[in-house]
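See below for the structure under consideration.
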Amino acid sequence: MAETVEIAGDDDGIRLDRWFKRHYPALSHGRLEKLLRTGQVRLDGKRAKSADRVAIGQAIRVPPQVVSAAVEERKRAPARTDAKLEDLILYMDKSVIVLDKPPGLATQGGSGLTTHVDGMLDQIAFEKRQRPRLVHRLDRDTSGVLVIARSPAAAAALAKSLAQRDASKIYWALTRGVPKQKRGTIRAALAKEGGRGAERMEIAESDDAKQALTDYAVVDHAGEEFAFVAARPLTGRTHQIRVHLASLGTPIVGDFKYGGQGARGKGAIADRLHLHARSIDIAHPDGGRLQVVAPLPAHMLKSWKFLGFAAENVADPFTARRRT
41 MAETVEIAGD DDGIRLDRWF KRHYPALSHG RLEKLLRTGQ VRLDGKRAKS
91 ADRVAIGQAI RVPPQVVSAA VEERKRAPAR TDAKLEDLIL YMDKSVIVLD
141 KPPGLATQGG SGLTTHVDGM LDQIAFEKRQ RPRLVHRLDR DTSGVLVIAR
191 SPAAAAALAK SLAQRDASKI YWALTRGVPK QKRGTIRAAL AKEGGRGAER
241 MEIAESDDAK QALTDYAVVD HAGEEFAFVA ARPLTGRTHQ IRVHLASLGT
291 PIVGDFKYGG QGARGKGAIA DRLHLHARSI DIAHPDGGRL QVVAPLPAHM
341 LKSWKFLGFA AENVADPFTA RRRT
């Protein structure tokens, strides 16, 4: 049967064809165009075009043949992923699962990717008949807190909280160099470098640039070479924290896309991306607050120890500031 999917926070503003590429990577562009022409794919009950932009809260009708094909594709995923995904659970209740995503594991499928969180979600449905749903995403090499909804109602509630900024997501990063201002808010709009299809973002003032704001605070530093920076994105743009910190002249260690050779580690500090989704504080779908913290991944913990930074019992530098 057909499935109706509500647009979540991180999908706000993207093209409809891009949305399908993210969530149903096996569906070819030609096949999608045919489904759109025949009205089998609908946006809020109306016919749509591939170039239409989707918005949080809108509902997409996914035809039954696309749903069944996606189910079959997930069944072909390696069985070894079952226990692995279950082992990543930090928190679970009847409405929500929170995973500790390791670096290197993609959130969603893409070109050449066969193993990703979205393709493994059936394995953590447990007693639920409905498949869990992603609420937001993390870059492949970013580790940490990833929230999964266990029902459409929970997904809608969490997406609404993210859209209304009733959530605080704090990231920890290791930067090469120390920001001159020890704390502040970076306000710099972002756009895809080179336009449509680009995988690299840039600070821009063009018509297609989107507002992006990031709170940051230097928690500790080792001389002028490295800094432990906490970042809180106030908007949810692709690669936002990475681009913003690089714009200060202090790229994240291991982020060669935006820092070039200036993002290299040193000594015991590996040339891997040092960006971790440390915590989330968000309205729980059933009332109250959901607050979860994820431990540092091994390579970042090693760097923290090498530099003498605290990895636990670190005060939230944004407590007295506005919540996102």
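Here the working numbering is used: the first residue of the sequence shown is 41, the next is one more, and so on. Glycine included, each C-beta is placed from N, C-alpha and C at the ideal position.
Residue burial annotation: Ile100 is buried, with at least 16 other C-beta atoms found within 10 angstroms of its C-beta. Between Pro143 and Arg312 a beta carbon distance of about 7 Å is seen, short of the 8 Å cut, so the two are scored as contacting.
Among the bridge pairs identified by DSSP, Phe266 is matched with Arg216, Ala262. Taking 9 Å as the cut-off, the beta carbon of Ala48 is found closer than this to the beta carbon of Ile96. Between His314 and the set Val333, Leu330, Pro291, the nearest pair of CA atoms involves Pro291. Counting along the chain, Arg227 sits inside the beta strand (DSSP E) bounded by residues 223-227. Counting along the chain, the unbroken alpha helix (DSSP H) around Tyr298 starts and ends at 296-299. Exclusion of the five residues before and after Ala189 leaves Arg173, Val175, Ala195, Leu198 as the residues of its chain whose Cβ lies within less than 6 Å of its Cβ. For the pair Gly302 and Arg216, the Cα-to-Cα distance works out to about 7 Å. Remark: C-beta atoms of Asp179 and His279 approach each other more closely than 9 Å.
Trp212 places its beta carbon less than 9 Å from that of Leu336. Secondary structure at His339: helix, using DSSP grouped into helix, strand and coil. Between Val259 and Phe268 the beta-carbon gap is near 5 Å, inside 8 Å, which marks them as a contact. Close CB contacts of Leu186 within its chain, under the 6 Å cut and outside five residues either way in sequence, are with Leu139, Lys141, Leu178 (chain order).
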